[in-house]
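Asker: Listed in order, the protein sequences are those of chains W and Y.
Heads up: take any position in the first sequence, counting from 1, add 20, and you land on our numbering.
Heads up: take any position in the second sequence, counting from 1, add 712, and you land on our numbering.
Note that beta-carbon positions come from the ideal geometry of N, C-alpha and C, so glycine has one too.
Every value quoted in this text rests on a predicted model; they were computed, and no experiment measured them.
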Amino acid sequence: MNTHTAPTMSSATIGAAGEMLAGRPKITAKNVNVYYGEKQALFDVSVNIPEKSVTSFIGPSGCGKSTFLRCFNRMNDTIPTCRVTGDIEIDNADIYERGLDVVQLRARVGMVFQKPNPFPKSIYDNIAYGPRIHGLARSKTDLDQIVESSLKKAGLFEEVKDRLHESGTGLSGGQQQRLCIARAIAVGPEVILMDEPCSALDPIATARIEELIDHLKENFTIIIVTHSMQQAARVSQRTAFFHLGVLVEEGVTQMIFTNPRDRRTQDYITGRFG
Amino acid sequence: MSITSTLTDGRVAGRAADSEFVRRLKRRRTNETVFICLGLAATSIGLIALAALMIDLAASGYPRLTADFFTNFPSRRAGQAGILSAWVGSLLVISVTAFIGVPLGVAAGIYLEEYAPKNIWTNIIEINVSNLAGVPSIVFGLLALGLFVYGFGTGRSIFTAGLTLALLILPIIIVATREAIRAVPWSLREAAYGVGATKWQVTQDHVLPAAVPGVLTGVIIGISRALGETAPLVTIGALSFIAFLPPSPVSADFPFISFAWLFEGFTVLPIQAFNWVSRPGDDFQSNAAAAGLVLMAITLVLNGVAIYFRYRLRKKLQW
Ligand SMILES: Nc1ncnc2c1ncn2[C@@H]1O[C@H](COP(=O)(O)OP(=O)(O)OP(=O)(O)O)[C@@H](O)[C@H]1O
Ligand SMILES: [Mg+2]
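1) Please report the distance separating the alpha-carbon of Arg741 (chain Y) from that of Ile748 (chain Y).
2) For His918 (chain Y), collect the residues of the same chain with a Cβ closer than 8 Å to its Cβ; drop the 5 residues on either side in sequence, then sort them by chain order.
3) List the residues of chain W whose Cβ lies closer than 9 Å to the Cβ of Lys830 (chain Y), in chain order.
4) Taking only beta carbons into account, state which residues of the region 136-166 of chain W come closer than 8 Å to chain Y, listed in chain order.
5) Any residue with its Cβ nearer than 7 Å to a heavy atom of ligand 2 should be included. What is that list in chain order?
6) Would you say Phe133 (chain W) reaches chain Y, if we count a Cβ-Cβ gap shorter than 9 Å as a contact?
7) The beta strand (DSSP E) with Ser66 (chain W) in it runs from where to where?
8) Using only the alpha-carbon positions, how far apart do Ala142 (chain W) and Gly817 (chain Y) sit?
9) Determine contact between the region 785-792 of chain Y and the region 873-891 of chain Y, defined as no fewer than three beta-carbon pairs at a distance below 8 Å.
10) Is Leu796 (chain Y) near Phe782 (chain Y), with beta carbons less than 9 Å apart?
11) Would you call Ile932 (chain Y) buried or exposed, if buried means 16 or more other Cβ atoms sit within 10 Å of its Cβ?
12) Would a check of beta-carbon distances place Val919 (chain Y) closer than 9 Å to chain W?
13) Using 9 Å as the threshold, is the C-beta distance between Ala220 (chain W) and Gln197 (chain W) below it?
14) Take Glu179 (chain W) as the anchor and find which of W:Ser86, W:Thr161, W:Asp164, W:Leu199 has the nearest alpha-carbon.
15) Sort W:Ile205, W:Arg103, W:Leu171, W:Val211 by Cα distance to Tyr56 (chain W) and report the nearest one.
16) Would you kindly work out how many angstroms separate the C-alpha atoms of Ala1018 (chain Y) and Thr161 (chain W), rounded to a whole number?
17) State yes or no: is the C-beta of Cys83 (chain W) nearer than 8 Å to some heavy atom of ligand 1?
18) If we cut at 9 Å on Cβ distances, does Pro897 (chain Y) have a partner in chain W?
19) I'd like to check one pair, Pro925 (chain Y) with Arg1022 (chain Y): are the Cβ atoms closer than 9 Å?
20) Establish whether the CB of Ala227 (chain W) and some CB of chain Y are separated by less than 9 Å.
21) Thinking C-alpha only, which one of W:Ile166, W:Tyr116, W:Leu176, W:Ile224 is nearest Thr48 (chain W)?
22) State the Cα-Cα distance for the pair Glu941 (chain Y) and Val1006 (chain Y), rounded to the nearest angstrom.
23) List in chain order: all unbroken alpha helix (DSSP H) runs of 4+ residues lying wholly within the region 200-268 of chain W.
24) If we cut at 9 Å on Cβ distances, does Ala42 (chain W) have a partner in chain Y?
25) Give me the residue from W:Ile78, W:Ala204, W:Glu231 with the minimum Cα distance to Ala252 (chain W).
26) Does the beta carbon of Val207 (chain W) sit closer than 9 Å to a beta carbon anywhere in chain Y?
27) Measure from the alpha carbon of Lys72 (chain W) to the alpha carbon of each residue in W:Val211, W:Ile99, W:Thr226, W:Ala204, then state which is nearest.
28) Quick check on Asp114 (chain W): does DSSP put it in helix, strand or coil?
29) Using only the heavy atoms of ligand 1, determine whether one of them is closer than 8 Å to the beta carbon of Gly695 (chain Y).
30) Should Pro815 (chain Y) be labelled buried (16 or more other beta-carbon atoms within 10 Å of its own) or exposed?
31) For the 8 Å Cβ check, are there 3 or more pairs between the region 60-69 of chain W and the region 115-130 of chain W?
32) When the Cα of Ser842 (chain Y) is compared with those of Y:Ile969, Y:Ile884, Y:Lys830, Y:Ala754, which residue comes out closest?
33) Starting from Pro45 (chain W) and walking both ways along the beta strand (DSSP E), at which residues does that stretch end?
34) Which residues, taken in chain order from the region 898-910 of chain Y, show a beta carbon closer than 8 Å to some beta carbon of chain W?
35) Can you tell me whether Ser76 (chain W) is helix, strand or coil according to DSSP?
36) Cβ of Ala1000 (chain Y) within 8 Å of any heavy atom in ligand 1?
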């Protein structure tokens, strides 16, 4: 399925694509079903997510994008009624295996939420929290280092370097979202899940985040849920289209948008429903 | 003039011509005024009653508030009687109550809200806890008399009294803790889970700090209630005339701390006041009023401290 990844990519991304061993899958999901109580939200979803690239999930509201995304860091475990079946592997290791520590998984698979949700603590503590609980810093200088580099990677350092000890909730919406990205990065994850990270942001803040995502894919495997097809087209290498809990079509972003195989995909991207 | 103003003018003109709209608008305004008046009346009735009470107490009790009043033991002669044993007793009992009731209540609240599975049993427990908050305090006194005094043999002591009042305020604190925890936004927990916090870390580092102000409100209500309780303490056998202090909790000799005071007899301010009220003669009535004033002052001070902490914590939260 991934063999035709590289040739169809735009010239800017060919370099990165070449490095990813022709789309070596970071995550593979097989026959994933998700239920909320009696109600089934996802039906037999199977997909490969290539390493160090951006994959976007699109589809009409309520089709199960967030539900699927939250399977990858087992965030669905926090919802008592939610049940997941099927196989999801990261680096060929089953993440739903008995005895697997979700804490460790979530340190490897970071998440950025739709609504910016910084902790009601200082900017510094927002970022330092993850490294602290995981014991990633051996000293105060170590921690300072992690905070600074995470903020830099999230493109926020210059704006906040003079007020690291002021509240994270005092930042603008776009800054808060970058703070949340920095917070996710600080733990040193391999995968970053983003659930509509720009839906609460204005176009300028959105552009900054998109730029950032483009930059981050050099080091991280990124999955982004988005309602904006322009955004999917701009930032992602691969796109998956969901409809009513079913993965309708998945492939190279350009192909999905210019030459979709399925009628439902076509209707959606041309704005006939959704 | 711009298009907008024309539009607005047109709309306003249209509305003004609509007599039905104008009539309704008048009625809406009248309703509002009526409600404001009612609310004001309700508030002032409460405030006036409180003020009258305070003034009455102060008028009768204030002249008795001398230094001697605080340092004298009760006496047969009203002029020499004081509240030393009563205020010391109140403070000691309330310390025991807070020391036992608050951690237990908060822990139970956390468990019920965050950890307990949501099923029929926890529902039953929830309903029972809420009901307990409304059980008459004398019932707690009877329970304590049977269980602590006779069952465990803790005696008619400060310890038993503290324990009894702790039971009494437990449901209040549990309910307040649960409400406070429930008010913490889910997104905050998700944020913490998202970076790999364990459930306890989420609770300890994020949910509890955000819930503390609400918990403190419950503590304030509970402690205030416990301070004024008389019935359960009379039931377990509080003394009404006591002319000695319990042994000091700190001493000059090793091990410096002593818990002997826990098992001494005691009285508390409301019991002392009640005792004086039931005596003939204006002098004792004045003593009762003065004791009432002191009780109110202690309640206010304790609440003030809690409110101050709540304010500080809220500020630190940086929402
Ligand atoms: N906590 C929950 N309990 C019960 N049902 C849920 C829960 N969360 C989601 N669902 C249901 O699962 C289905 C998929 O929801 P999901 O949030 O994954 O959709 P989505 O594609 O992310 O939608 P949107 O674009 O609006 O965010 C929906 O029908 C929704 O009602
Ligand atoms: Mg969603």
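Answerer: Taking the structure as given:
1) Each residue's alpha carbon lies about 11 Å from the other.
2) Val896, Leu900, Arg901, Ala903, Ala904, Ala909
3) Pro100
4) Asn137, Pro138, Phe139, Pro140, Lys141, Ser142, Tyr149, Gly150, Ile153, His154
5) W:Lys85, W:Ser86, W:Gln134, W:Asp215, W:Glu216, W:Val245
6) yes
7) 59-70
8) Looking at the sequence provided, one finds Ser at residue 142 (chain W) rather than Ala. Computed Cα separation, rounded: 30 Å.
9) no
10) A contact, by the Cβ cut-off of 9 Å.
11) buried
12) At a cut-off of 9 Å between beta-carbon atoms, Val919 (chain Y) makes no contact with chain W.
13) yes
14) W:Leu199
15) W:Arg103
16) 37 Å
17) yes
18) yes
19) yes
20) no
21) Per the Cα distances, W:Tyr116.
22) Those two C-alpha atoms are separated by around 15 Å.
23) 223-236, 249-255
24) Confidence at Ala42 (chain W) is low in this model, with a pLDDT of 44, below 50, so the placement of that residue should be treated as unreliable; the coordinate-derived value is given next. Cβ-Cβ to chain Y under 9 Å: no for Ala42 (chain W).
25) W:Ile78
26) Yes, contact with chain Y.
27) W:Val211
28) strand
29) The question about residue 695 (chain Y) has no answer here: the residues shown for chain Y are numbered 713 through 1031.
30) Pro815 (chain Y) comes out exposed.
31) no
32) Of the candidates Y:Ile969, Y:Ile884, Y:Lys830, Y:Ala754, the one whose C-alpha sits nearest the C-alpha of Ser842 (chain Y) is Y:Ile884.
33) 45-56
34) Ser899, Leu900, Arg901, Glu902, Ala903, Ala904, Tyr905, Gly906, Val907, Gly908, Ala909, Thr910
35) strand
36) no
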